[in-house]
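Numbering (this note's numbering), first residue to last: 4 to 211. Built from N, CA and C at the ideal position, the CB exists for glycine as well. Keep in mind the model is a prediction, meaning the values are calculated, not measured.
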Ligand SMILES: Cc1cc2nc3c(=O)[nH]c(=O)nc-3n(C[C@H](O)[C@H](O)[C@H](O)COP(=O)(O)O)c2cc1C
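Laid out in structure tokens, this is it:
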């Protein structure tokens, strides 16, 4: 079925997609601040605005890349175990079931097919996974946190803020990729962000 955009908002929604190859062209601080401020007009239950947004570029972004890739590589080599990297919350179920299992498999298969990575080529898949932590070469990384004592409603609000950022970016000629893959490494990322002890890491995002 062909979907036709009837207005600019619909056009932006239809054009947004997750990008996994960015140019390194920098984005001005002014533009990033403007985008995040506008995105923060997202709704939140009783207007609690339960979000914090961290913007990383340059050296800090590189430090996160280096440390997370080192950890992910240790995990891949079996030098560390999954229990060494506990995610802040379960983004995915422990056991997959239909129809989500098939959708997930189709998504992975198509992505690796485009990348010309054969099924079972574990090392190539691992290298592609590491690209997440290089922010797919994007100049900007974003991280979203909430207060650790807030509940599922906060995640919904932060998700709306994230979607606003992705749409505002698209309307500006920029692209994004939301990244739950960073969650596993939140204990490495949070101290680099100087996040407070009472914050809960929710998600990462590439922007460029
Ligand atoms: C919260 C969230 C986390 C995601 N995490 C990742 C990720 O870590 N790495 C990645 O490459 N894509 C990630 N994605 C992108 C999804 O794979 C993508 O949204 C989905 O396949 C639909 O494609 P589209 O965004 O291009 O429409 C994430 C998406 C969401 C909403």
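- Counting only runs of 4 or more residues that sit fully inside the stretch 95-154, the alpha helix (DSSP H) segments are 103-117 and 125-134, in chain order.
- With a cut-off of 8 Å on Cβ pairs, the stretch 153-172 is in contact with the stretch 34-54, counting three or more such pairs.
- Residue 179 and residue 172 have their C-alpha atoms roughly 7 Å apart.
- For residue 4, no beta strand (DSSP E) segment is defined, and its DSSP state is neither H nor E.
- Residue state for residue 64 is assigned as helix, using DSSP reduced to three classes.
- The beta carbon of residue 129 sits closer than 7 Å to those of 79, all from its chain and outside the five residues before and after it, given in chain order.
- Annotation for residue 48: 156 place their beta carbon closer than 6 Å to its own, counting only its chain and skipping 5 residues before and after.
- In this structure the stretch 132-149 touches the stretch 204-211; the number of beta carbon pairs closer than 8 Å is three or more.
- Checking the DSSP bridge columns, you'll see residue 78 has no partner listed.
- If you check the C-beta of residue 23 against ligand 1, you find a heavy atom less than 8 Å away.
- Burial is judged here by how many other beta carbons sit within 10 angstroms of a residue's own beta carbon; residue 4 has fewer than 16 and is exposed.
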